[in-house]
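Visitor: Have a look at this one.
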């Protein structure tokens, strides 16, 4: 009688133990009360990289004064419809050396600069061509800030952001969060620097100190890969929903009760 009941009770204990263990693996920021948040006090600024696409506009008090510095798409085709060209600012592709070719000024090296630094630099270059009364304003915007999220996430793919700033948690959220089979301590960021050198870094979102990592904020063209658990194949036989656990537990208890009844 006792031997007959051992197996179903063993299965029940195993399932409950597995459920508790998986909860510890899934929770983010498990040591939040021990994290040194002082190390994360800084504001991130994206840096202009080769192959970035920039939208650059110059504004002056007199619109005619800024026209030579605002290359429009329509001007490339000889269009005379100014109303059509108002929202057709020409985009600049940063080459492998970090340069763009800007009207009037020629080649400008913007690689490695932040948005604010690039705006100040361009403003200083156009200043000799304008009177002080024009009070020129330069606006630089990165329009192809993209990244990819792959592996054990619910919606893998390539994403773009308009904010020129996104952290690893926001990127994962855009991809629908990690699946229960994703390794929270084995999230890899694959990054290419301005020289083309690739680097890999492992992040652990179970650790609250991730906010102080230099990889917490993503750069343009970063690839985020979430490694799957080795037990995924075995775990695929079981549903991860709470209802499934209760159903299996009820079935095992029913079997145990039935065996107990027929052996009396």
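In the numbering used here, the protein residues as written are 839 to 1102. Just so you know, even glycine gets a beta-carbon here, dropped at the ideal spot from N, CA and C.
Distance check for residue 995 and residue 986, CA to CA, integer angstroms please.
Guide: Using only the alpha carbons, I get a separation of about 6 angstroms.
Visitor: Counting only the same chain and skipping the five closest in sequence on each side, list residues whose C-beta sits under 7 angstroms from that of residue 1024.
Guide: Cβ neighbours of residue 1024 beyond the five flanking positions: 1040 and 1065.
Visitor: With distance defined between alpha-carbon atoms, name the residue in 975, 971 and 1052 nearest to residue 963.
Guide: Nearest of 975, 971 and 1052 to residue 963, Cα basis: 975.
Visitor: Which residue marks the beginning of the alpha helix (DSSP H) containing residue 800, and which one marks its end?
Guide: Nothing about residue 800 can be read from this structure; the chain reaches only from 839 to 1102.
Visitor: Below 8 angstroms on the Cβ atoms is my contact criterion, and I expect residue 894 with residue 978 to pass it. Report the Cβ-Cβ distance as a whole number of Å.
Guide: Right, their Cβ atoms sit about 5 angstroms apart.
Visitor: Suppose the cutoff is 8 angstroms on Cβ atoms and the five residues either side in sequence are ignored; what does the same chain contact list for residue 997 look like?
Guide: The residues are 984, 985, 986, 987, 1009, 1012 and 1013.
Visitor: With the cut-off set at 8 angstroms, would you say residue 1006 and residue 1028 are in Cβ contact?
Guide: No, they are not a contact pair.
Visitor: Considering residue 930, what are the terminal residues of the alpha helix (DSSP H) in which it resides?
Guide: Unbroken run through residue 930 is the beta strand (DSSP E), 929 to 931; no alpha helix (DSSP H).
Visitor: Which residue comes first and which comes last in the beta strand (DSSP E) that contains residue 1048?
Guide: Neither: residue 1048 is in no beta strand (DSSP E) and is coded neither H nor E.
Visitor: What are the residues that DSSP puts in a beta bridge with residue 1066?
Guide: Partner(s): 1020.
Visitor: Just to confirm before moving on: does the CB-CB distance between residue 989 and residue 887 stay below 8 angstroms?
Guide: Going by C-beta atoms, residue 989 is not nearer than 8 angstroms to residue 887.
Visitor: May I ask which residues mark the beginning and end of the beta strand (DSSP E) holding residue 969?
Guide: Residue 969 -> no beta strand (DSSP E), and no H or E assigned at all.
Visitor: Note the first and the last residue of the continuous beta strand (DSSP E) segment covering residue 984.
Guide: Start and end: 984 to 989.
Visitor: Taking all protein chains shown into account, decide if residue 931 is buried (16 or more other Cβ within 10 angstroms of its Cβ) or exposed.
Guide: Counting Cβ neighbours within 10 Å, residue 931 comes out exposed, since fewer than 16 surround it.
Visitor: Is the Cβ-Cβ distance between residue 941 and residue 906 less than 8 angstroms?
Guide: Taking 8 angstroms as the Cβ cut-off, residue 941 and residue 906 qualify as a contacting pair.
Visitor: Do you know how far the Cα of residue 1088 is from the Cα of residue 952?
Guide: Taking the straight line from one Cα to the other gives about 60 angstroms.
Visitor: Tell me, which residues are paired with residue 952 by DSSP?
Guide: The partner list for residue 952 (beta bridge, DSSP) reads 885.
Visitor: Just the C-alpha distance for residue 1043 and residue 1052, rounded to the nearest angstrom, thanks.
Guide: Computed Cα separation, rounded: 14 angstroms.
Visitor: Would you kindly work out how many angstroms separate the C-alpha atoms of residue 933 and residue 966, rounded to a whole number?
Guide: Between residue 933 and residue 966, the C-alpha separation is close to 26 angstroms.
Visitor: If residue 884 sits next to residue 1057, beta carbons under 8 angstroms apart, how far is it from one beta carbon to the other, in whole angstroms?
Guide: Correct: roughly 7 angstroms between the Cβ atoms.
Visitor: Using only CA atoms, which one of 937, 1090, 1048 and 896 lies nearest to residue 958?
Guide: Nearest of 937, 1090, 1048 and 896 to residue 958, Cα basis: 896.
Visitor: What's the call for residue 1019, buried or exposed, on a 16-neighbour Cβ count within 10 Å?
Guide: Classification for residue 1019: buried.
Visitor: Could you give the distance in angstroms between the alpha-carbon of residue 882 and the alpha-carbon of residue 1090?
Guide: One C-alpha to the other measures close to 54 angstroms.
Visitor: Beta-carbon within less than 8 angstroms of residue 1015's beta-carbon, same chain only, minus the 5 sequence neighbours each way: which residues are those?
Guide: 991 and 992.
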